[in-house]
Amino acid sequence: MQSDDPFKQLLLCKRILILGDGNLTFSKALIAAQTEENYSSLRLISTVYETEEQWLTRFSESTDSNIINHLRNRGVEVLFAVDGTRLQETLLPRVSVPFDCVIMNFPHTGGKTNLKYCRHLLKEIFINLKHVLNDDGKFYLSLLDGQFEIDKQRWSEAEQNNDIMFKMTMHKKDSWRVMYLAVYAGFVVDSIHDFPTKELSNRGYVNAGFRGNAKSFHHKKVPIVVIFRRVPILSTTSTLADLPLDLEQQQHRRINLLRPMYIHDVSFWISTSDTDVELLKKAIFSFSKNMVKEVINVEIFHLDNNNQLFATTIRRGIPAGFCTGACLRLVWQCDEFALTRETARDFQLALRKYLENDFCHLHQCTLKLR
């Protein structure tokens, strides 16, 4: 977890959009930092979900209502009734786009946390970002530790040990599945940071929005900032042959904790012992342009001299004419493109066809998928 203040680099941006700023104190803290650092070119647009009347009612006791004038007097454009899931309707008619950076801190659906609703909210936000963010822009999303697929402890260990960073690990399934939602809109994780609570609080920031009201939330889980960048989406209509020729070189052939991973098994029999499993793995890596990051042996079967089967884990009968069988577990992942679950599934189906046809023709063998 990077400890540097992730919001300092924001001050170099020309135009920033803050979605759902609640009590507006985050905008206040950012402008205070701008003044301290003497960055005069920053253009900030701060939005809240409520209408101005609703906002004054909701935050009248917890926030100084003069904060609106305070921000506007410092050049901040404050907009009310902006819905992050409907930006085309609620924001675009009122501002010029695109923005260099978009920020959203601790999104919530109101009330107690519901994973289904939270995931739907984030998916809609990511989809709407394409209407307001530059192609090379960044999206800053603040979450509580545990809402993201990788908890802070695991990420800290990975930063200290590079082998962990590029080692297969299962992402938390009870998280908001942020990385897996982001790829549908063409976003991947750029970096992860600690949320600079102390630095912002010293400049007037007060968190709010506990269970949809104006109260501050006090949570044992440490807040983090996940920064996303835009990348091209690998569409379900794409074929592996359509992909850039240099994609294979861009892929690192190592599992990356900051990318979605999709697990698919392939089981088969091979007619000749000359075609070993290692040769097959090389063909899989090459055909997938290294989007198959790892191939794990689940089961491998061989016939002994007496035509009896000895498997690494279980016994099974091999059909007549075949001498080797295997079940391999493939880990699909893409570094520089957004790979969705559906596209990974389609690529897996294309790989199966390749193994049955082109691979067999090249190596003069018969491969039967199971």
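In case it helps, this note's numbering puts the sequence shown at residues -1 to 368.
Ideal Cβ placement from N, Cα and C applies to all residues, glycine included.
- Checking the DSSP bridge columns, you'll see Met102 partnered with Leu17 and Leu139.
- Judged by DSSP in its simplified three-state form, Val46 adopts coil rather than helix or strand.
- With respect to the 8 Å criterion, Met289 and Phe345 are classified as neighbours on the basis of their beta carbons.
- If you check the CB distance, Asp81 and Ser44 do not come in under 8 Å.
- Taking a C-beta distance under 8 Å as the contact criterion, Ile16 and Phe24 qualify as a contact pair.
- Per the C-alpha coordinates, the member of Lys26, Tyr37, Leu22 and Lys110 positioned closest to Leu9 is Tyr37.
- Shown here, Phe345 sits in a helix according to DSSP, grouped into three states.
- Excluding five sequence positions before and after Leu277, the CB atoms of its chain that fall closer than 8 Å to its own CB belong to His361, given in chain order.
- By the criterion of at least three beta-carbon pairs nearer than 8 Å, the segment 280 to 296 is in contact with the segment 339 to 358.
- For Arg70, the enclosing alpha helix (DSSP H) begins and ends at Ile65 to Asn71.
- For the options Ala324, Trp267 and Thr270, the alpha carbon positioned closest to that of Asn295 is the one of Ala324.
- As DSSP reads the structure, Trp53 sits in no beta bridge.
- Between the segment 56 to 73 and the segment 103 to 114, the count of Cβ pairs shorter than 8 Å is below three; the stretches do not touch.
- For the segment 170 to 238, the continuous alpha helix (DSSP H) assignments of 4+ residues that do not extend past its boundaries occur at 176 to 180 and 195 to 199, in sequence order.
- In this chain, the alpha helix (DSSP H) harbouring Glu122 covers Leu113 to Leu127.
- In the structure shown, Leu353 adopts helical secondary structure according to DSSP, grouped into three states.
- In this structure, Val130 sits near Val100, with a CB-CB distance shorter than 8 Å.
- With respect to the C-alpha of Leu179, the residue from Leu232, Thr338, Leu255 and Glu59 having the closest C-alpha is Thr338.
- Secondary structure at Thr364: coil, using DSSP grouped into helix, strand and coil.
- From the listed residues Val229, Glu50 and Glu197, the smallest Cα separation to Lys136 is found for Val229.
- Cβ-Cβ separation between Phe266 and Leu367: approximately 5 Å, consistent with a contact (criterion under 8 Å).
- When rounded, the separation of the alpha-carbon atoms in Pro194 and Arg252 is 31 Å.
- When C-beta atoms of the segment 220 to 227 are compared with those of the segment 140 to 149, three or more pairs fall below 8 Å, so the two segments count as touching.
- Residue environment for Val95: exposed (fewer than 16 other C-beta atoms within 10 angstroms of its C-beta).
- Leu42 and His191 have their C-alpha atoms spaced approximately 22 Å apart.
- Comparing alpha-carbon positions, the option among Leu22, Ala31, Gln158 and Gln151 lying closest to Phe5 turns out to be Ala31.
- DSSP, reduced to helix, strand and coil, places Glu292 within a strand of the structure shown.
- Between the alpha carbons of Ile65 and Trp153 lies a distance of about 37 Å.
- Under DSSP, Gly323 forms a beta bridge with Trp267 and Phe299.
- In this model, Thr61 and Ile231 are separated by some 42 Å (Cα to Cα).
- Taking 8 Å as the upper bound for CB-CB distance, Leu77 and Asn126 are not in contact here, some 15 Å apart.
- Beta-bridge pairing by DSSP links Ile29 to no other residue.
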